[in-house]
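**Q**
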Amino acid sequence: MYKDLLIFTLFTLASADGFADIQPSTNLTWTPCFDSFDSFGCAKLKVPLDYSNESLGTTSIAFLKLTGKNATVNSPSIILIPGGPGGSGVDLLTSSASFAEQAFGPQYNIISYDPRGVNNSGLTLDCFPGNLEARTTFSRLHTTGVTNVSTNSLQEQFFSSTIYGDWSNSAVKTHSPYGYYVTTPAVANDLRTFIEAEATMLGQPPSEAKLWAYAISYGTVVGSTFASMFPDRVEKMVLDGVLNAEEYYNNDWRQNVDQMDDGMAEFSKLCHSAGPEKCSFWGPTPANITCRIDQILDSLKHQPVAISGVPSGTPAMVTHSDLKALFLDSLYLPISKFPAMADILHQVESGNVTSLVGMFSNLNTTVDARLAIMCTDSSRTNKLTSIDEFKDFVEYTTSKSKYLGDLWPIFQDPVLCRSLQPELPDSMLVQAPISAQEKPTSFPILFTSNTIDPITPLISARTMSSRFAGSVLLQQEGIGHTVINQGGSICYFGHVQMYFQGVVPSANTTCSMELTPFVNDPVVP
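Residue numbers -16 to -1, 1 to 509, in mature numbering (1 follows the signal peptide of the UniProt record, and there is no 0), belong to the letters of the sequence shown in order.
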């Protein structure tokens, strides 16, 4: 789900300069940073490489703090836990500071961080160190389009994954000996270290420090893992766009496709309701819109369009994989991307496919940090190690989603994990099911979800809520990945703010939709 590397808005800011001169420390020391944001403070916290063997040494975690306008010295800090895996919380907060403060309230400090292996933190890994040609060649061999059990694509993607594993293992061995020490349980421990360091800085007992957090997408795995490991350290925790942690740790990404076709059906309904002035692909009925989408898809599948590129010098081929990439990209952020998707469909229907050029290749890029985290987390429980298991996975996704079931396997690319060979101590890995039943969290967790989340479906939120005693699921009527990324509603953020004040919403609460694709503009800071 690496589209979650950017969340809340479509914009990010370069973050490296904010941490360039900051030295890591075991004490939490905030240094003013990012000249254009005078209320930001940066810190690098030293943490053990391995919490069970501190003699191995340390690494550093980059934290960014936005001081609340009405915050006092004793105000709680809400930690934004980024998605991904591999998402930068520093980029997340710099790009979304104003919106985040409005969403949670000016009485809180808001903090985010770059997890191990990401951006400004330690243990970053380049699996093709300095060899762009090798990386490009691998991508060409592996990223062959959608995955289909009736063609060679499944075999090509499965066996070519060995190339990535060999390069990654070699890079760790020769350049980054602890490059695989980036697991989610280690990140949960890093968050515990942070809240204890913050308590010490404030003169409070570190053993009593508790976490306030708002987590998105993969970040909900970090949050639920923290809550499972340290249930007595949860003060307030909102998990938005919930990923099924059990499936995640098994490298089993099949449930993610369950609402993708619901999302496509919603596009047709919303386009029709908006009318021809707001939706350029409008039709007299939703069924008409869906039928025309199917016709375009079938045409590109059987008759890809070659673009000579004689004027520009860049030849291209547009296939149905490019169109499917447009669908998936748009389903993440319907509030901002459905109108553009309609425009492109209108152009393609009229014979102009240039807007689809490179859509698939641009969407599907290999991010080493994402794979290092994802693959180490499932290194002992990976359910996609044989070609039969991969075939079963693809058969499931294609049976559940007509539009995106064959794109999801190569987009998420879990098959790449099969050849990574991390040698990790037990302390770096999950040792028990992710839950808090016998020993509930010290305050109930608030799970939240859109009624249609095409990436982390509503059923995942229900499943995870059932594993945490006392937790509640808050639903937001709407479509898109994570509630906050679509702008939520006054009702939704009212409940979130009351939750942070200690009031848990009633069970089965659903907030009505306020922001509708084609009708309302996206919410941006």
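Even for Gly, the Cβ is constructed at its ideal location relative to N, Cα and C.
All values reported here derive from a predicted model rather than from experimental measurement.
Here's a check: name, in chain order, each residue in its chain whose Cβ is nearer than 6 angstroms to the Cβ of residue 159, leaving out the five neighbours to either side.
**A** Correct list, in chain order: 113.
**Q** Pull up the CB-CB distance for residue 102 and residue 353, whole angstroms please, since I reckon it's below 8 angstroms.
**A** Contact holds; Cβ gap of about 5 angstroms.
**Q** Restricting to Cα atoms, I'd like to know which of 142, 478, 276 is closest to residue 368.
**A** Looking at the Cα atoms, 142 is the closest of the given residues.
**Q** Which one or two residues does DSSP pair with residue 197 in a beta bridge?
**A** Note: residue 197 sits in a beta bridge opposite 63, 221.
**Q** Please return the same chain residues whose Cβ sits closer than 6 angstroms to the Cβ of residue 423, not counting the five positions on each side in sequence.
**A** Answer for residue 423: 215, listed in chain order.
**Q** Take the Cβ of residue 256 as the centre, count every other Cβ of all protein chains shown within 10 Å, and call the residue buried at 16 or more, exposed below.
**A** Burial call: buried.
**Q** My understanding is that residue 340 touches residue 302, with C-beta atoms under 8 angstroms, so please give their C-beta distance in whole angstroms.
**A** That belief holds up - the Cβ atoms of residue 340 and residue 302 are roughly 5 angstroms apart, short of 8 angstroms.
**Q** Residue 395 by DSSP, collapsed to three states: which one?
**A** Residue 395 falls in the helix class under three-state DSSP.
**Q** Applying the 10 Å Cβ sphere with the 16-neighbour rule, what's the burial state of residue 186?
**A** The residue is exposed, with fewer than 16 neighbouring Cβ atoms inside 10 Å.
**Q** On the three-pair Cβ rule with 8 angstroms, is the stretch 398 to 413 touching the stretch 345 to 360?
**A** With the cut-off at 8 angstroms, the stretch 398 to 413 and the stretch 345 to 360 touch.
**Q** Since residue 420 is in the beta strand (DSSP E), which residue starts that stretch and which ends it?
**A** That residue, residue 420, is in no beta strand (DSSP E); it is neither H nor E in DSSP.
**Q** Measuring alpha carbon to alpha carbon, tell me which residue in 250, 279, 299, 138 is nearest residue 270.
**A** Of 250, 279, 299, 138, the residue nearest in Cα terms is 250.
**Q** My assumption, with CB atoms under 8 angstroms, is that residue 86 sits in contact with residue 319. Please give the rounded CB distance.
**A** Incorrect: roughly 17 angstroms between the Cβ atoms, too far for contact.
**Q** For the alpha helix (DSSP H) that residue 475 lies in, which residues bound it at each end?
**A** Looking at the DSSP string, the run of the alpha helix (DSSP H) that includes residue 475 is 474 to 484.
**Q** Express the C-alpha separation of residue 154 and residue 83 in angstroms, rounding to a whole number.
**A** Cα to Cα, the separation comes out at about 42 angstroms.
**Q** To the nearest angstrom, how far is the alpha carbon of residue 396 from that of residue 64?
**A** For residue 396 and residue 64, the distance between alpha carbons rounds to 23 angstroms.
**Q** Is the Cβ-Cβ distance between residue 67 and residue 202 less than 8 angstroms?
**A** Taking 8 angstroms as the Cβ cut-off, residue 67 and residue 202 qualify as a contacting pair.
**Q** Does chain B have any CB closer than 8 angstroms to the CB of residue 337?
**A** Judged by its chain identifiers, the structure shown contains no chain B, having just a single protein chain.
**Q** Whole angstroms is fine: what's the gap from residue 541's alpha carbon to residue 366's?
**A** Only positions -16 to 509 of the chain appear in this structure, which leaves residue 541 out of reach.
**Q** If I measure Cβ to Cβ from residue 506 and keep anything under 6 angstroms in the same chain, skipping five residues before and after, which residues do I get?
**A** Cβ neighbours of residue 506 beyond the five flanking positions: 319, 320.
**Q** Pull up the CB-CB distance for residue 98 and residue 104, whole angstroms please, since I reckon it's below 8 angstroms.
**A** About 5 angstroms; that satisfies the 8 angstroms criterion.
**Q** Exposed or buried, residue 11, counting other C-beta atoms within 10 Å across all chains shown (16 or more means buried)?
**A** It counts as exposed.
**Q** If you check the beta carbons only, do residue 189 and residue 181 fall under 8 angstroms apart?
**A** Cβ atoms of residue 189 and residue 181: not closer than 8 angstroms.
**Q** Rank 410, 121, 437, 447 by C-alpha distance to the C-alpha of residue 419 and give the top, closest one.
**A** Minimum Cα distance to residue 419 is reached at 447.
**Q** Identify which residue in 224, 222, 212, 436 has its Cα closest to the Cα of residue 230.
**A** Comparing Cα-Cα distances from residue 230 to each of 224, 222, 212, 436, the minimum goes to 212.
**Q** Assign residue 275 to one of two classes, buried (16 or more other C-beta atoms within 10 Å of its C-beta) or exposed (fewer than that).
**A** Flag for residue 275 reads exposed.
**Q** When burial is assigned at 16 or more other CB atoms within 10 Å of the CB, is residue 157 buried or exposed?
**A** By the neighbour-count rule (16 or more Cβ atoms within 10 Å), residue 157 is not buried but exposed.
**Q** Using DSSP bridges, identify the partner residues of residue 300.
**A** Paired residues: 291.
**Q** Could you give the first and the last residue of the continuous beta strand (DSSP E) run that contains residue 180?
**A** Residue 180 -> not in any beta strand (DSSP E); alpha helix (DSSP H) instead, spanning 168 to 185.
**Q** Tell me whether residue 261 sits in a helix, a strand or coil according to DSSP, three-state version.
**A** In the structure shown, residue 261 sits in coil (DSSP, three-state: anything other than H, G, I, E or B).
**Q** Could you check whether residue 326 and residue 265 sit closer than 8 angstroms to each other, using their CB atoms as the reference points?
**A** A contact, by the Cβ cut-off of 8 angstroms.
**Q** Tell me where the alpha helix (DSSP H) around residue 380 begins and ends.
**A** From DSSP, the alpha helix (DSSP H) with residue 380 extends over 371 to 384.
**Q** Are the Cβ atoms of residue 460 and residue 476 separated by less than 8 angstroms?
**A** It is a contact, given that the beta carbons lie within the stated cut-off.
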